[in-house]
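>
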Amino acid sequence: MNWTFSIGYYPIFLDKYIKHLGKDYFMINVGLYYRVKKGHEEDFEKAFQGVINFLKTFPGFIDAKLYKRVDDPQEYLIYSEWDSLDTFRRFISSREYKDTTGYGKSILEGMPKHKVLQEINT
């Protein structure tokens, strides 16, 4: 099962984005925003299950959830939690990640958007 598209199929873009954040070891959350081509919504949702199965074996992965936009069923958010920015970097540099980037190109519209966040407790 291909799973990379759920993390993004532009690893170079994402890697440059991550690098400017610095090498920190705080827990992070990653918001991955996608627009799926019409008729491929079920494919995307099924592939997400494969993503979760793989990520559960990846050291430092905590959790991920899939959300579908209520007023536009072609738009999705995958919200994932990682024990550190370094762990997430290792994931997007992994062979498995790089081997499966093509699948997303076939079912996604446009370039995905990614946001790396740190929780702020006040």
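Heads up: the sequence shown begins at 3 in the numbering used here, then just goes up one per residue.
The C-beta atom is built at its ideal place from N, Cα and C for all residues, glycine as well.
Model, not experiment: these values are computed from the prediction.
Measure the C-alpha to C-alpha separation of G112 and N123 and round it to an integer number of angstroms.
Rounded to the nearest angstrom, the two C-alpha atoms are 34 Å apart.
> Given E43, which residues of its chain have a CB within under 7 Å of its CB, disregarding the five upstream and five downstream residues?
Cβ neighbours of E43 beyond the five flanking positions: P75 and Q76.
> Using only alpha-carbon positions, find the residue among I109, G62, K40 and Y69 that is nearest to I30.
Measuring from the Cα of I30, the nearest candidate turns out to be G62.
> By how many angstroms is the C-alpha of F93 removed from the C-alpha of V32?
Near 12 Å, if we compare the C-alpha coordinates of F93 and V32.
> Here's the rule I'm using: 16 or more other beta-carbon atoms within 10 Å means buried, otherwise exposed. How should L110 be labelled?
Its Cβ being crowded by 16 or more others within 10 Å, L110 is buried.
> Can you tell me whether I80 is buried or exposed? The criterion is at least 16 other CB atoms within 10 Å of its CB, across all chains shown.
Classification of I80: buried, given that the 10 Å Cβ count is 16 or more.
> Alpha carbon to alpha carbon, what distance is there between D73 and V53?
Going by the C-alpha atoms only, they are around 25 Å apart.
> Return the residue from the list K40, T89 and R71 that minimises the CA-CA distance to I64.
The residue with the shortest Cα to Cα distance from I64 is T89.
> If you run the structure through DSSP and keep just helix, strand and coil, what is E65?
Note that residue 65 is Asp in the sequence shown here, rather than Glu. D65: strand per DSSP, three-state reduction.
> Identify every residue that forms a DSSP beta bridge with V38.
In DSSP, V38 forms a bridge with L110.
> According to DSSP, simplified to helix, strand and coil, what is K48?
Correct three-state label for K48: helix.
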